[in-house]
Amino acid sequence: MKKDDMTRLYWAWGSEFAAYGPVELPALIQWIKRERVRADTWIYRDPDNVWSQAQSIPELKMFFAESAAPAPPGLSARRATLATFDKIAPGALRRLKLFAAMSDTQLEAFAKYVDVVSVAKNSVIIKQGEHGDAMFLILSGEARASITVDGKEIILSTLGIGDFFGEVSLLDEGPRSADVLANEDSLLLIVSSTAFRQMVEEAPFLASPFLYNLSRSVVSRMRSLTRRYEDSVHCLHLVSQYYSPALKKKGDQSTE
């Protein structure tokens, strides 16, 4: 153990959403031995001014086995049929708008809370009416959101790289509002509600920027939908103005 390590100060992020400290290394080691600090506990080091998981801090690695890292959250029955990859390189997240403002350290930490799956063309990713427990982001490929009316598929939107869907079910685990199918072979990033709750508890400094960026994107989408609705209402108003005189005249003639 280096002499410099003995002069550092540490804070540990607890499950009560509070930071405990500052403490010096000997006290932190005692917390580890008492299991107050686990391998996946977030530790703030001064003067480094950075949060890291305990198992990744050089002077603490000896206290944690490799197997101490948390296992990826389980997939739902539908997702279990998809080809799952071990993890994603943090750099791949940077291409997605939701993560563009995150630091490399944040991306590396965030990658531990997500899963990556491969879906074949025409696969049903989510089904309307089913209760969901995750949101999806498209890393590669293309998908479409649609509903079925009178036996016919009506496409609501086409989704490409960087787009996301299922975000409402991430928060309320409610029923899906539409089907989403893969237009081509695609690679998807999954954030499950279980993993998100775990992130909020263990790493709120990751959950906060993610929620902020997600909220901004959802608001932008809602404004776009509102404009489309207003345009539709305006169009219907113009059509009614155009046809109303003719319909009125026809009605008057039929009563003569």
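Residue numbering for the sequence shown follows my numbering, beginning at 445 and increasing consecutively. Beta carbons are placed, not taken as given, at the ideal position from N, Cα and C, and that holds for glycine.
Item, Value
"Where residue 546 falls: helix, strand or coil (DSSP)", "coil"
"Spatial neighbours of residue 623 in its chain, beta-carbon cut-off 6 Å, leaving aside the 5 residues before and after", "571, 572 and 590"
"Alpha carbon of residue 648 to alpha carbon of residue 582, nearest angstrom", "24 Å"
"Buried or exposed by the 16-neighbour rule on C-beta atoms within 10 Å, applied to residue 656", "exposed"
"Proximity below 7 Å, CB of residue 554 to CB of residue 634", "no"
"Per DSSP, cross-strand counterpart(s) of residue 569", "In the DSSP output, where bridge partners are listed per residue, residue 569 has none listed."
"Environment of residue 659 [buried if 16+ CB atoms lie within 10 Å]", "exposed"
"Stretch pair the region 604-612 + the region 546-565: three plus CB contacts closer than 8 Å", "no"
"Selection from 490, 484 and 475 that minimises the alpha carbon distance to residue 454", "490"
"Of the listed residues 637, 641 and 631, nearest to residue 536 (C-alpha basis)", "631"
"Integer-rounded CB distance, given that residue 650 should sit under 8 Å from residue 568", "About 30 Å separates the two Cβ atoms, so there is no contact after all."
"Under 7 Å between C-beta atoms of residue 464 and residue 471", "no"
"Whole beta strand (DSSP E) elements within the region 603-628, 3-residue minimum", "623-626"
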